[in-house]
Amino acid sequence: MTGRRGGRPLVPAYLSTGGVARPSRSHLERLSVLTAAGPPAPAELPAAGLALLDVLAGGSLTVVEAAALLRLPVSAVRVLAADLIDRGLLLSRAPIPAADRFDPDLLKRVADGLRALKH
Amino acid sequence: MASAPSSTSAVHLPDTAHDLVKILVAGPFGVGKTTLIDSVSEIRPLHTEEQLTEASAQVDDLDGVREKVTTTVAVDFGRISLPDGVVLYLFGTPGQERFRALWDDIAYGALGALVLVDSRRIDASFDVLGLMEESGLPYAVAFNAFPDSPRHHTDAQLRAALDLDPTTPMVTCDARDADSSLDALLALVHHLIDRDPSEHR
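First to last, the protein sequences are chains A and B.
Sequential numbering from 16 applies to the first sequence in the working numbering.
Sequential numbering from 2 applies to the second sequence in the working numbering.
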């Protein structure tokens, strides 16, 4: 809602993906979970790709969380993540396992969880 | 309850995170979306910078926020880890027609929306309610209680002013207060549970 906080990012968004505007895979949602796959990053990896692997070194993040931490638009992280997945450096999974997508119990678990947080 | 981790390490998802779900916190600028998210989020609310599309820039209504002339908008979000591996994300969603493409992207897969309304400027919420009706996303309305909010309106008057369906939950909350914000979210989730299962998308 506000302007940029804390100065300009090092790499402008339009350069962070090497000029690629669309991700090579279209299924990455804001809440898709990204996890580093393990193999060491090759030296020729673009800086923004390395930065994405860097923030995932401590554990898994959603696409939108990685975007916020890297101060890149969600669209740019989608492109970067898709490239890293293609290179076998990154794993992604959907926000909800397919089996749970229509689980009528899910809403009830959300309600129970929220109620338990009340003081 | 809202803790403020100083490093990014606290942001990483716990290994137990299994079902990631989201609820939109929608409303006009300055209605208290970020305040509500901040009051219940376990992480310091983060934000992404989103580009506005060309088409949306044509209906440029910046009532009361005339200093905002940037072509990006920041979308705040927070996170609540619940038992059983459920992680609930709250996305502050600007509810103006010019953010339509952004809205559709954020709303994809959402459980529903909590629409925050400022009773001192109800007309500022007409856009967001229009978007809600068009998108078909189920929602509840929460009036954010500002100290100088008018108190002489009856529920029936407010419901009529917003043209709400009789079944749409309407509550009052204090977005600064965690318990009050949780109650507003619960009003929405109970509404989602109570809906006719055949309506579920």
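Glycine included, every Cβ here is placed at the ideal spot set by N, Cα and C.
Since residue i sits in a beta bridge, which residues does DSSP pair it with?
i	result
A:Ala51	A:Leu105
A:Pro110	Looking at the DSSP assignment, A:Pro110 forms no beta bridge with any residue, so it has no partner.
B:Val26	B:Gly93, B:Leu115
B:His48	B:Asp77
B:Ser82	B:Val88
Looking at chain E, is there any beta carbon in it that lies within less than 9 Å of the beta carbon of residue i?
i	result
B:Val172	Here chain E cannot be found, since the structure's protein chains are A and B.
Taking C-beta pairs closer than 8 Å, name the residues in chain B that residue i reaches, listed in chain order.
i	result
A:Thr77	Leu14, Leu21, Tyr90
A:Ala126	Leu187, Val190, His191, Ile194
When you compare each of the options to residue i by their alpha carbons, which one comes out closest?
i	options	result
B:Gln37	B:Ala188, B:Trp104, B:Asp180, B:His191	Before going on, a small fix: residue 37 of chain B reads as Leu here, not Gln. Measuring from the Cα of B:Leu37, the nearest candidate turns out to be B:Asp180.
A:Ser47	B:Val26, B:Pro46, B:Leu14	B:Leu14
B:Pro148	B:Ser120, B:Thr168, B:Leu130, B:Leu163	B:Ser120
A:Val125	B:Val116, B:Ser82, B:Asp124, B:Arg160	B:Ser82
B:Leu117	B:Glu43, B:Glu51, B:Val88, B:Ser182	B:Ser182
B:Gly86	A:His134, A:Glu80, A:Val70, A:Leu121	A:Leu121
B:Arg99	B:Val129, B:Leu138, B:Val32, B:Leu189	B:Val129
B:Arg122	B:Pro139, B:Ala157, B:Ala162, B:Gly93	B:Ala162
B:Ser40	B:Phe78, B:Ala141, B:Gly131	B:Phe78
B:Ala141	B:Leu103, B:Ala75, B:Leu112	B:Leu112
A:Pro88	B:Leu103, B:Pro84, B:Tyr90, B:Arg80	B:Leu103
In chain A, which residues lie with their C-beta within 8 Å of the C-beta of residue i?
i	result
B:Phe78	Val79, Ala83
B:Ile107	Arg45
Quick one: Cα of residue i to Cα of residue j, how far?
i	j	result
B:Gly96	B:Gly28	5 Å
A:Thr50	A:Gly103	11 Å
B:Leu187	A:Ala56	44 Å
B:Asp184	B:Leu21	21 Å
A:Val92	B:Ser150	41 Å
B:Ala108	B:Leu25	7 Å
B:Pro34	B:Asp105	Before going further, note that residue 34 of chain B is Lys rather than Pro in the sequence given. About 18 Å.
A:Ala96	A:Pro54	15 Å
A:Ile100	B:Arg101	30 Å
B:His192	B:Ala114	11 Å
B:Phe144	A:Arg108	36 Å
B:Gly65	B:Ser42	Residue placement at B:Gly65 is flagged as unreliable, the pLDDT there being 49, under the threshold of 50; a coordinate-derived value is accordingly withheld.
B:Val88	A:Glu80	13 Å
A:Gly64	A:Leu105	10 Å
B:Gln52	B:Asp156	38 Å
A:Leu67	A:Glu59	14 Å
B:Ile194	A:Val35	42 Å
A:Ala82	A:Pro119	31 Å
Residues of chain A with CB under 7 Å from residue i, in chain order?
i	result
B:Thr155	The premise fails here: B:Thr155 is roughly 28 Å from chain A at the closest Cβ pair, so nothing lies under 7 Å.
B:Asp85	Arg124
Name, please, each residue of chain B whose Cβ falls closer than 9 Å to the Cβ of residue i.
i	result
A:Ala131	Leu83, Pro84
Could you work out which residues of chain B lie near residue i, taking near to mean beta carbons separated by less than 7 Å?
i	result
A:His42	Result: empty, since nearest Cβ-Cβ is about 11 Å, beyond 7 Å.
So which residues of chain A does residue i contact, with C-beta pairs closer than 9 Å?
i	result
B:Asp180	Leu132, Lys133, His134
**Q.** Runs of alpha helix (DSSP H) wholly within the region 117-189 of chain B (minimum 4 residues, chain order)
**A.** Here the runs fully enclosed are 127-136, 156-163.
Q: Could I get the ranges of all uninterrupted alpha helix (DSSP H) runs contained in the region 52-87 of chain A, with 4 residues as the minimum, in chain order?
A: Taken in chain order, the unbroken stretches of alpha helix (DSSP H) that lie wholly in the region 52-87 of chain A and span 4 residues or more are 62-70, 78-85.
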